[in-house]
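Per my numbering: the sequence shown = residues 363 to 692.
The structure appears right after this line, and notes come after that.
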Amino acid sequence: MANNEESRGLKSLLDWFANRRKSGSTTPERQEREIADGLWHKCSKCGVLSYTKDLAANQMVCTECGYHNRVDSDERIRQLIDANTWKPLDEHLRPTDPLQFRDRKPYIDRLREMQQKTGLNDAVVTGLGEIDGLPVAMGVMDFRFIGASMGSVVGEKLTRLIEQATLLRCAVVIICTSGGARMQEGMLSLMQMAKVSGALQRHRDERLLYIPVLTNPTTGGVTASFAMLGDIILAEPKATIGFAGRRVIEQTLREKLPEDFQTAEDLLKHGFIDEIVPRTQLKKTLAQLIALHQPSSTIATYVNSQSATTHNSHNVVLWDTRSLSSTAAD
Ligand SMILES: [Zn+2]
C-alpha cells in the first residue's frame with residue numbers, strides 16, 4: 363500500500379507525465395508509445411491515465427470515474443469463479459457456414475480470422491465451476507468474437523449448459539453481451555432465441571435459479587430472449603441494454619430520445635432489471651443470491667463458511683440483503 367506522500371505524488375498520472383516531459387525523460391510521442399505498449403491505459407470516459415496493472419487489479423474498472431472497461435471471457439471467469447474449479451463444456455463445438463454467406467468478406471474467412479485472434483471457437487464460453495464454494499453453470503459471452511453475436515454455436519452451447527444445470531440441479535449465470543443475432547447465419551441464428559428460451563423454461567420448471575448479468579452492450583436477439591428471462595436480472599453500471607438501436611428508434615418515431623435511454627439505470631427505473639451491481643461487487647452478490655436459493659442445509663454451510671461469527675445456522679437473514687441493495691444503488 364502506498365503511503366500518503368507516494369499517493370499524493372502519483373495522484374495525477376498526467377502530472378507525472380508532465381514532470382517527466384519537463385525533465386526531458388519523455389516526449390508526447392514516447393508517452394503515446396507507452397500507452398500503445400499497454401503499460402498505461404487511458405480511460406475512454408474521463409481520460410485519466412492509469413497503470414494497466416492497477417486497473418486490472420480493480421477488475422478493469424476505472425478508479426477515477428468508475429467506467430467499466432470491457433473484459434474478455436477468460437478475465438471474466440478469473441474474476442468470478444473460484445480458482446481451480448472451472449470445467450469448460452463443449453469446447454469442441456465450431457461454427458459452420460450453411461448459407462455460404464458473404465458480406466465484405468466470406469463468413470468462413472471471418473470466422474477463421476476471429477478464431478485465430480481470440481483463441482475461441484465462437485462467441486461464448488460455457489462451463490461448470492464454483493462461486494464462493496457454490497456450484498454454478500456459467501456462460502460468458504465474448505464481445506471480441508464478431509461482437510458476441512448469437513449464431514448456432516452460441517445458442518447450442520448455452521442450451522447444453524442450461525440442460526446440464528437442470529440435470530445437476532444448479533443455478534445458471536450468463537454474463538451477457540451481444541450485438542444481437544448473427545446475420546451471417548440468417549434464420550438459424552434467430553432460431554437460437556427459442557431454443558435457449560425453451561431450455562430455460564425447463565430449468566425454471568424445476569424451480570432452479572437463473573441470473574443473467576447484462577454488460578455493455580447487450581442488444582438485439584439476446585435482449586429479446588435469454589437476457590431478459592432471468593429470475594433475477596443484474597446489470598453493470600451504465601451498460602447499454604436495448605433491442606433496436608437508438609438511431610433506428612429515433613428515425614422511426616421522429617423523436618429525440620432522452621440522454622439515459624437504454625442505459626442500465628433507466629431500465630432499473632422502469633422495472634426491466636432488478637439491480638445494478640458494480641463489477642467489484644459482482645462475485646459477492648452472485649454468491650449471496652445463489653446461496654439464498656439453495657436448500658436450507660446448503661445455506662447454513664455457506665453462511666458458516668463465510669462468517670465465523672454466525673453461530674445460528676437458521677439466522678440467514680443476518681446475512682446481508684441490505685448490503686446487497688445499498689452496494690448496488692450507487
Ligand atoms: Zn475513468
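For glycine and all other residues, C-beta sits at the position ideal for the given N, C-alpha and C.
Please read all numbers here as calculations on a predicted model, not as lab measurements.
Distances taken from the Cβ of tyrosine 413 to the heavy atoms of ligand 1 include none shorter than 7 Å. Judged by DSSP in its simplified three-state form, isoleucine 470 adopts helix.
For isoleucine 443, the CB contacts under 6 Å within the same chain, skipping 5 residues up- and downstream, are Gly491 in chain order. Distance between leucine 482 and methionine 476, taken at the CA atoms: about 8 Å. In the three-state DSSP reduction, alanine 419 falls in the helix class (H, G or I).
Isoleucine 611 sits in a helix when the DSSP states are folded into three classes.
In this structure, DSSP gives serine 412 an extended state, which the three-state scheme calls strand. The DSSP assignment places 514-530 as complete runs of the alpha helix (DSSP H) inside the segment 512-545, in order along the chain (cut-off: 4 residues). Looking at the DSSP output, glutamate 492 bridges to Pro497. Contact check between the segment 460-479 and the segment 429-437: fewer than three CB pairs, one atom from each, fall below 8 Å, which does not count as touching. Considering only Phe507, Ile524, Leu596, Phe634, the residue with the shortest C-alpha distance to glutamate 568 is Ile524. Per the DSSP secondary-structure output, isoleucine 603 pairs in a beta bridge with Thr580.
The alpha-carbon of phenylalanine 505 is positioned some 26 Å away from that of lysine 631.
Burial state of valine 515 is buried, judged by a 10 Å Cβ sphere holding 16 or more other Cβ atoms.
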